[in-house]
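Just so you know, we're using UniProt numbering here: the sequence shown kicks off at 1 and counts up by one.
Note that beta-carbon positions come from the ideal geometry of N, C-alpha and C, so glycine has one too.
Being a predicted model, the structure only gives us computed values, none of them experimental.
Right, one structure below, let's go through it.
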Amino acid sequence: MNKKPYIVVEWNDTESSAKGWLCAYNFVNHYCGGGTRMHPTVTKEEVVRLATTMGYKYKACESQTTGGCKGGIAYDYKAPDAKDVLRRYLTAMAPYINAGVSIGGDLGVDYGDVLEILDDLDIGLPQTKEMRNDPKIQKYIQNHDDACDLTYDGFKMYDMITGYGCAHSLDEAWKFRNGKNGARVVLQGFGCVGASMAYCLDEMGYKIVGIADANCLVTCEDGLDVKKLVETKKPKGEMDPEYFKDNYVVRSNTEWLDVDCDILVPAALEDVINKDNAHKVKASLIVEAANIPVTEEADEILAKKDVDICVDFVANLGGIRIYEALVFGIIDKIPQDIVDDTTSIIRRQTKLIFEEAKKQGKTQREVAREIFTPDVFDTPDI
Ligand SMILES: NC(=O)c1ccc[n+]([C@@H]2O[C@H](COP(=O)([O-])OP(=O)(O)OC[C@H]3O[C@@H](n4cnc5c(N)ncnc54)[C@H](O)[C@@H]3O)[C@@H](O)[C@H]2O)c1
Numbered sequence: 001m002n003k004k005p006y007i008v009v010e011w012n013d014t015e016s017s018a019k020g021w022l023c024a025y026n027f028v029n030h031y032c033g034g035g036t037r038m039h040p041t042v043t044k045e046e047v048v049r050l051a052t053t054m055g056y057k058y059k060a061c062e063s064q065t066t067g068g069c070k071g072g073i074a075y076d077y078k079a080p081d082a083k084d085v086l087r088r089y090l091t092a093m094a095p096y097i098n099a100g101v102s103i104g105g106d107l108g109v110d111y112g113d114v115l116e117i118l119d120d121l122d123i124g125l126p127q128t129k130e131m132r133n134d135p136k137i138q139k140y141i142q143n144h145d146d147a148c149d150l151t152y153d154g155f156k157m158y159d160m161i162t163g164y165g166c167a168h169s170l171d172e173a174w175k176f177r178n179g180k181n182g183a184r185v186v187l188q189g190f191g192c193v194g195a196s197m198a199y200c201l202d203e204m205g206y207k208i209v210g211i212a213d214a215n216c217l218v219t220c221e222d223g224l225d226v227k228k229l230v231e232t233k234k235p236k237g238e239m240d241p242e243y244f245k246d247n248y249v250v251r252s253n254t255e256w257l258d259v260d261c262d263i264l265v266p267a268a269l270e271d272v273i274n275k276d277n278a279h280k281v282k283a284s285l286i287v288e289a290a291n292i293p294v295t296e297e298a299d300e301i302l303a304k305k306d307v308d309i310c311v312d313f314v315a316n317l318g319g320i321r322i323y324e325a326l327v328f329g330i331i332d333k334i335p336q337d338i339v340d341d342t343t344s345i346i347r348r349q350t351k352l353i354f355e356e357a358k359k360q361g362k363t364q365r366e367v368a369r370e371i372f373t374p375d376v377f378d379t380p381d382i
């Protein structure tokens with residue numbers, strides 16, 4: 001069976017320096033799903049690695065209907081023309097999207113912007129031929145569209161579900177380790193995922209002692225006022241220093257691994273824990289809220305240091321589970337049901353991985369990769 005990505009497409013923007021890729025790793029039932037990211041450092045290799053991870057992620061959320069894909073645009077997500085670039089990228093990818101490659105939002109790309117542009121392009125929510133002809137699916141898609149406007153704890157559902165799922169994965173793993181109450185957590189990233197995860201952890205009684213965003217790192221040994229930071233957050237996941245308290249220390253965001261903590265949460269970029277800095281990790285648990293934040297070399301160093309890991313394709317599967325569960329009619333658009341459904345799957349899979357890793361004397365990633373290897377490599381139905 002082919003374990004290489006099914007298709008990788010390259011795009012060059014005609015009106016800017018942007019370049020982009022779309023990778024469909026595997027189709028299941030002629031369909032695949034994943035986000036689109038925009039960042040100056042995006043590469044084709046990164047998009048392929050992310051699409052592969054999506055294949056594992058759909059398997060981990062027990063999907064019968066979807067394989068993994070990913071979009072990536074090498075461009076500054078803060079540039080004034082970033083949304084125009086996204087529009088031209090989605091236009092170029094329209095034939096693939098229309099053939100069942102369902103791409104949403106990710107780092108630097110708002111899911112709402114993707115949906116708005118796909119509507120303008122008369123595509124709507126990406127579907128297969130079979131889905132378009134199924135009245136039940138059409139009703140579920142309406143549920144999905146309505147759910148995009150729902151809120152939970154003051155967040156839009158789609159903006160909070162991944163972060164909350166990561167928080168539950170963290171809590172399950174920490175309890176498995178018999179970790180102490182009020183454990184200290186440091187996060188890198190305060191966007192959709194980082195901010196909602198910090199909020200949920202704060203509610204659970206964890207102490208958030210450091211947060212890094214694209215501009216700075218802010219720390220406080222007594223714990224940051226997470227609710228205030230969330231409430232005053234600026235667009236694109238930036239904290240507003242105007243609301244930092246007197247006892248906060250502001251440092252360079254490159255120093256995030258120097259902060260003393262029990263649990264570390266990369267929730268921004270890829271490969272941020274690597275062979276050059278893995279020795280600095282002070283935490284005993286890492287929760288991969290971001291996709292592919294730990295390199296293979298770092299994995300080896302961390303295993304020797306006995307650092308446990310909640311792997312990305314289980315911890316952060318919330319965004320795809322909500323999509324899957326709504327679009328294929330597994331749950332209705334009731335906020336608490338959506339949250340319970342997602343968090344219970346993530347807790348169950350996290351526990352399974354930690355138990356098996358302990359039993360088999362392997363790392364959590366080794367075990368998770370064995371359990372959740374994608375095994376369907378279908379084709380599009382056009
Ligand atoms: N949004 C989702 O539903 C979802 C689902 C699964 C996985 N993820 C992954 O989570 C990660 C974050 O996604 P998001 O949707 O929260 O993105 P986002 O664009 O909403 O936020 C990104 C955050 O990263 C910060 N950041 C950027 N560069 C940084 C740097 N050098 N140092 C520290 N912080 C930096 C930004 O300031 C911002 O706070 C990505 O790896 C993404 O693939 C997201």
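Residue interval of the alpha helix (DSSP H) (run including residue i)
i, result
"residue 239", "Element bounds for residue 239: n/a, residue is neither H nor E."
"residue 302", "296-304"
"residue 174", "157-176"
"residue 59", "44-60"
"residue 107", "Note, residue 107: premise wrong, no alpha helix (DSSP H); not H, not E."
"residue 368", "364-371"
"residue 309", "Careful: residue 309 lies outside any alpha helix (DSSP H), inside the beta strand (DSSP E) at 308-310."
"residue 270", "Run containing residue 270: none; DSSP gives neither H nor E here."
"residue 94", "82-98"
"residue 320", "318-327"
"residue 259", "Premise fails: residue 259 is in no alpha helix (DSSP H) and is neither H nor E."
"residue 111", "111-120"
"residue 125", "Taken as a continuous stretch (DSSP letters only), residue 125 belongs to no alpha helix (DSSP H), as it is neither H nor E."
"residue 281", "Here residue 281 belongs to no alpha helix (DSSP H), and DSSP marks it neither H nor E."
Contact test: residue i Cβ vs ligand 1 heavy atom, cutoff 8 Å
i, result
"residue 126", "no"
"residue 236", "yes"
"residue 20", "no"
"residue 161", "yes"
"residue 241", "no"
"residue 86", "no"
"residue 186", "no"
"residue 111", "yes"
"residue 411", "The structure shown does not extend to residue 411, since the chain is modelled only from 1 through 382, so no value can be given for it."
"residue 224", "no"
"residue 192", "yes"
"residue 37", "yes"
"residue 56", "no"
"residue 270", "yes"
"residue 256", "yes"
"residue 289", "yes"
"residue 31", "no"
"residue 106", "yes"
Rounded C-alpha distance that separates residue i from residue j
i, j, result
"residue 32", "residue 137", "16 Å"
"residue 63", "residue 372", "11 Å"
"residue 195", "residue 139", "32 Å"
"residue 43", "residue 8", "12 Å"
"residue 267", "residue 289", "5 Å"
"residue 84", "residue 128", "26 Å"
"residue 26", "residue 4", "9 Å"
"residue 360", "residue 200", "32 Å"
"residue 369", "residue 357", "11 Å"
"residue 1", "residue 274", "Here the model assigns residue 1 a pLDDT of 46, short of 50, so the residue's position is not dependable and the matter cannot be decided."
"residue 23", "residue 316", "20 Å"
"residue 184", "residue 379", "46 Å"
"residue 253", "residue 191", "15 Å"
"residue 100", "residue 116", "18 Å"
"residue 197", "residue 366", "25 Å"
"residue 187", "residue 264", "6 Å"
"residue 240", "residue 109", "20 Å"
"residue 222", "residue 231", "20 Å"
"residue 337", "residue 170", "21 Å"
"residue 112", "residue 304", "42 Å"
"residue 82", "residue 362", "43 Å"
"residue 158", "residue 151", "9 Å"
"residue 272", "residue 39", "14 Å"
Residues sharing a beta bridge with residue i, DSSP
i, result
"residue 264", "186 and 286"
"residue 20", "11 and 73"
"residue 217", "212 and 251"
"residue 346", "Beta-bridge pairing links residue 346 to no other residue."
"residue 378", "27"
"residue 36", "71 and 105"
"residue 151", "156"
"residue 207", "184"
Any non-hydrogen atom of ligand 2 within 8 Å of residue i CB
i, result
"residue 40", "Of the ligands one can find in the structure shown, namely ligand 1, none is ligand 2."
Chain D contact for residue i (CB, 9 Å cutoff)
i, result
"residue 377", "In summary, chain D is missing from the structure at hand, where a single protein chain is found."
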